[in-house]
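Residue numbers (my numbering), protein chains in the order written: chain A, 59 to 257; chain B, 16 to 161.
This is the structure:
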């Protein structure tokens, strides 16, 4: 799930940080630049692992800030295809399930990748919400939010940043915020799905 | 920004949890003081609730050594350490081409190794504690009556 990535970055240190010790100031700047951000192909940055070298400290003409070339390692969250992960159910709609890890919410399980055979029942409590029920051996097993759901990573995609915001004035639903990293999961297989089905 | 090495090393969930703990992340009361950002705390919460919360370096090293005879890929060992499967069905998902590479006995042996070396996770922990309590009180009752 987590990998280390080595990055070299040219960091501009604004003058108001000059009274702080260099390491602290650089770590603070790295945190605000990279933490909780998605880097394409590398995944979601969780935390800075360590700083390997700091070079430079040049001040460019016309600029009050000093620029450093920093080499450091980041802990990235990047699941690989075929990995088994436990997550919680966040919402269940007619398109499938949406799971969440707490720090990462964009995990979708579309209907074709749910355990088969499966049928859905509209949930009386929430509008637009649907409960998915798996049929096996004559018994019905609903997928509810009670316990952790194990899924296999089917695909990790990084959709390109949209240039224009879509105007959906006719639709009453709010436009979903852009998700830079989307994980598609699959529940089709023995041992996958809510943990209570297999314990 | 230049990416020098995108795969400088794989980390188990335990190692990330250890890293966050060493930065000062703890459960509830210490939240305000620690130099850990809210997003790092969310990761910490997730990891504390997963199988990684009871592991130590020695346990992981022991498990990796015990797995050498099963001829598993590094990614599969990592996945097992992270999710701690407790039955053959769950192990079957993790290992690629499981039915071709391993027979039933080997799978059973692997599940036994997992159950012995890796500490169990919360759900199974609670039932294990309850079972222990029931056994202890039964023993006490027996002692009192005899």
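Ideal placement from N, C-alpha and C gives every residue a C-beta, glycine not left out. Computed from a prediction, not measured in an experiment: that's the story for all the values here.
Check                                                                                                                          : Outcome
Alpha-carbon to alpha-carbon, residue 128(A) and residue 62(A)                                                                 : 16 Å
Cβ contact check for the region 114–127 of chain A and the region 145–161 of chain A: 3 or more pairs under 8 Å                : no
Buried versus exposed call for residue 164(A) [16 or more other C-beta atoms within 10 Å across all chains shown]              : buried
Buried versus exposed call for residue 283(A) [16 or more other C-beta atoms within 10 Å across all chains shown]              : Absent from the structure is residue 283(A), since the part of chain A shown begins at 59 and ends at 257.
Contacts of residue 99(A) in chain B (Cβ-Cβ under 9 Å)                                                                         : 18, 21
Chain-ordered neighbours of residue 192(A) on chain B, where CB pairs are closer than 7 Å                                      : Those do not exist, as residue 192(A) stays about 15 Å from chain B at its closest Cβ, beyond 7 Å.
Contact residues within the region 140–174 of chain A, judged by C-beta distance below 8 Å to chain B                          : 140, 141, 142, 143, 144, 159, 160, 161
For residue 192(A), the three-state DSSP class (helix, strand or coil)                                                         : strand
Contact under 7 Å by Cβ, residue 65(B) with residue 94(B)                                                                      : no
In DSSP terms, what residue 213(A) is bridged to                                                                               : 242(A)
Span of the beta strand (DSSP E) around residue 82(B)                                                                          : Looking at the DSSP string, residue 82(B) is not in any beta strand (DSSP E), and its letter there is neither H nor E.
Against chain B: residues of the region 59–73 of chain A by CB proximity under 7 Å                                             : 59, 60, 61, 62, 63, 64, 65, 66, 67
Cross-chain neighbours of residue 102(B) in chain A, by beta carbon under 9 Å                                                  : 249, 256, 257
Nearest candidate by alpha-carbon position, reference residue 75(B), set 122(B), 16(B), 130(B), 106(B)                         : 130(B)
Three or more C-beta pairs below 8 Å linking the region 102–113 of chain B and the region 235–250 of chain A                   : yes
Reference residue 201(A), options 168(A), 147(A), 86(A), 107(A), closest by Cα                                                 : 147(A)
Backbone secondary structure at residue 206(A) - three-state DSSP                                                              : coil
Interface flag, residue 104(A) vs chain B, CB-CB below 7 Å                                                                     : yes
Neighbouring residues, chain A, relative to residue 98(B) (Cβ below 8 Å)                                                       : 142, 143, 144, 208
Neighbourhood of residue 62(B) by C-beta distance below 6 Å, restricted to the same chain and skipping five residues each side : 28, 32
Whole-angstrom C-beta distance between residue 137(A) and residue 59(A), which should lie under 8 Å                            : 5 Å
Reference residue 192(A), options 204(A), 205(A), 178(A), closest by Cα                                                        : 178(A)
Residues near residue 174(A) in its chain [Cβ-Cβ closer than 7 Å; skip 5 each side]                                            : 246
Below-7 Å beta-carbon distance, residue 87(B) vs any chain A residue                                                           : no
Per-residue burial, residue 117(B) [other beta carbons within 10 Å of its own, 16 or more giving buried]                       : buried
Continuous alpha helix (DSSP H) stretch holding residue 11(B): start and end                                                   : Here chain B comprises residues numbered 16 to 161, so residue 11(B) is not present and cannot be evaluated.
Where residue 72(B) falls, given that 16 or more other Cβ within 10 Å makes a residue buried                                   : exposed
Per DSSP, the bridge partner or partners of residue 117(A)                                                                     : 124(A)
Any chain A beta carbon closer than 7 Å to residue 140(B)                                                                      : Confidence at residue 140(B) is low in this model, with a pLDDT of 39, below 50, so its placement is unreliable and no value can be given for it.
Interfacial residues, the region 105–133 of chain B to chain A, with Cβ spacing under 9 Å                                      : 105, 106, 107, 108, 109, 111
Residue 345(A) versus residue 190(A): straight-line alpha-carbon distance, rounded                                             : What is shown of chain A runs 59 to 257, which leaves residue 345(A) out entirely.
7 Å Cβ cutoff, residue 94(A) in contact with chain B                                                                           : yes
Same chain only: Cβ atoms within 6 Å of residue 152(A), ignoring 5 sequence neighbours per side                                : 188
Chain B contact for residue 227(A) (CB, 7 Å cutoff)                                                                            : Low confidence applies to residue 227(A): its pLDDT is 48, below 50, so where it sits in the model is not reliable, and the reading given next is rough at best. Judged by the 7 Å Cβ criterion, residue 227(A) is not in contact with chain B.
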